[in-house]
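Here's the structure we're looking at; comments come further down.
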Amino acid sequence: MQTQRVLDEFRNEPFTDFSKPENAKAMKAAIEQVRSELGREYPCLIDGEKITLETKFQSYNPANKDEVIGVFSETDEDLSLVEKAIDAATEAFKTWRFVPAAERAEYLFKISDIMRKRKHELSALMVLEVAKTWAEADGDTAEAIDFMEFYGREMLRWSQEQPITKIPGEDNSLEYIPLGVGAIIPPWNFPLAIMSGMTMAAVVAGNTVVLKPSSDSPTIAAKFIEIVEEAGLPKGVVNFLTGGPPTGEAMVTSPKTRFISFTGSKGVGLHINEEAAKTRPGQIWIKRVVAEMGGKDAIIVTDDADLESAAVGIVQAAYGFQGQKCSACSRLIVDEKVHDELLEKVIKLTEDLKVGQPTEGDTNVAAVINQRAFDKTLDYIKKGVAEGGEIVTGGTGDDSQGYFILPTIIDNVKPGDTIEQEEIFAPVLAVIKARDYDHALEIANGTEFGLTGSVYSASQERLDRARREFHVGNLYLNRKCTGALVGVHPFGGFNMSGTDSKAGGREYLLQFMQGKTISQKI
Ligand code: NAD
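Residues 2 to 523 (our numbering) make up the sequence shown, in order.
Below you can see the structure in the form of structure tokens.
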């Protein structure tokens, strides 16, 4: 393989401007093309071999729930495939770990080239499989490209000579070597970016993996696997299984799994962490767990803030991708002195959002992912009201065609209420009044999570206080709390939001490597 590519400095992939007619036309064409291929069956991939099982499951369009997107083998029905996939990864690790870092990185650059060429097609598939609007899908594809470009470059950096103290009489060095076989278990909400980023970060560091995507978004993962094959990655380096929790559990508990890279809900993450901590017969290492989990993210608005700009940021962060982002604003904590004025603006902007089919270019809010999410969200809304909240807009859903929930604002929520504490992961915003800034910070920090947060204030002193006291992994000042860019805003949260790692940051790859010190007497 050629490794002569001249690398520029990392730059984020630009977003597509769909207000330009030619881009809108290209996106429409991509949606039509993807639609014409719906319902195809996609195999598992183990050691380069395509495998199908008799028992199948399907993925559906959340906005048009009878539309089948892809058909998959249900590996939960045959867990021997998990062992087979881990064995294939174990075998491939014997050679992949010695492939020079520059050559491994080159595969990521090749994958990003292919993704860039097929950008609208990948985005269109996300429009149909997880009901992302055009802009959200385009952002997901751009982020996937960014992860390939960023982690490829990062591996080149980590493979250089590492600084250590020199002493006479010895030639000393520290190098980073891979861990082994990894279980990669991503969520459905960034079905291309997070899935491919988690997979290729581990792979570029020299590990081999078994990837099991969410059963809500397996088609986009299967497309990624096709791209990985097209890029010519050696067989067995990325193995692909399609199943649910039993498949994931078998990957986590295998004594041959060296590490687990998980992104998903708090409950599943904690369970995986516990299972991974148990030493099983034949296991000769302590498994490493990277777990990125949920959030209950807040935007604080102080009495001196620019309310116009705050309202725009709040609505974008609360309802982008139907509030189904770990970074989404689900709590608005507002100084009681500006509560009424701000809320009026937020309600107006929320009611202006167009709820509809994500295939239409002007839709702002589409369907939530599945029936479970739809039912759970309506239950949370009921609970919010039962605990004293007042629905000021939205509050209802319609699941006749897809899982649509109106952007909802619940006012008069109190600190400690269920919808103030638990992640809903839907277009529901809880509004909590604070007596003053001290109180606002106390409320903001008063959950078990610590992922993202924003403060809108005209006072630099208050913003500086937030820098010190607002305990979140990603803090934003006078801007919305979503939209982290790879390299620019390394992403990951504190406390129950995860294991304190930063995706798209400089230390991320270290989680998939271990340092080896070599001293030679001279
Ligand atoms: P989820 O926890 O339901 O599922 C995540 C993955 O875990 C899926 O692939 C699922 O099949 C698998 N899984 C489920 N049970 C398992 C088990 N027992 N053993 C092994 N694997 C198992 O999460 P989701 O609904 O797909 O994603 C939404 C969640 O992800 C939200 O909580 C969101 O906040 C979080 N999230 C966090 C980040 C972050 O960076 N912190 C990013 C995106 C999403």
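From the three backbone atoms N, C-alpha and C, an ideal C-beta is built for every residue, glycine too.
Proximal residues to Asn190 (C-beta, below 6 Å), its chain only, five neighbours per side dropped: Gln325
What residues in its chain sit with their C-beta under 8 Å from that of Ala548, if we drop five residues either side in the sequence? Since the first residue shown for the chain is 2 and the last is 523, residue 548 is missing from the structure and cannot be characterised.
Using only the heavy atoms of the ligand NAD, determine whether one of them is closer than 7 Å to the beta carbon of Asn190. yes
Tell me where the alpha helix (DSSP H) around Phe148 begins and ends. 135 to 159
Sub-8 Å separation of Arg259 and Val204 beta-carbons: no
Which class does Arg463 belong to by DSSP, given the choice of helix, strand or coil? helix
Spatially closest choice to Val7 from Glu42, Tyr477, Ala103, by CA coordinates: Ala103
Closest by C-alpha distance to Gly244, when choosing among Met199, Asp439, Leu82, Glu293: Leu82
Is the distance from the Cβ of Gly198 to the Cβ of Ala145 below 8 Å? yes
Terminal residues of the beta strand (DSSP E) in which Arg289 lies: 289 to 293
Do Gly493 and Gly499 count as a contact pair if the criterion is CB distance below 8 Å? yes
Go ahead and label Val347 buried or exposed: buried means 16 or more other beta carbons lie within 10 angstroms of its beta carbon, across all protein chains shown. buried
Who are the near neighbours of Ile392 in its chain, counting only those whose CB is closer than 6 Å to its CB and skipping five residues on each side? Ile411
Please indicate yes or no: does the CB of Phe492 lie closer than 7 Å to some heavy atom of the ligand NAD? yes
Here's the rule: buried if 16 or more other CB atoms are within 10 angstroms of the residue's CB, otherwise exposed. What is Arg281? exposed
According to DSSP, is Asp217 helix, strand or coil? coil
Secondary structure of Ala441, DSSP reduced to three states: helix
Apart from the five residues just before and just after Leu109, which ones in its own chain have a Cβ nearer than 7 Å to its Cβ? Met149, Tyr152, Gly153, Met201, Val205
How big is the Cα-Cα spacing for Gly451 and Glu293? 11 Å
Please state whether DSSP places Leu350 in a helix, a strand or coil. helix
Taking the alpha helix (DSSP H) that Tyr108 falls in, what are its first and last residues? 102 to 118
Pro164: which of Ser174, Ala89, Gly170 sits nearest, CA to CA? Ser174
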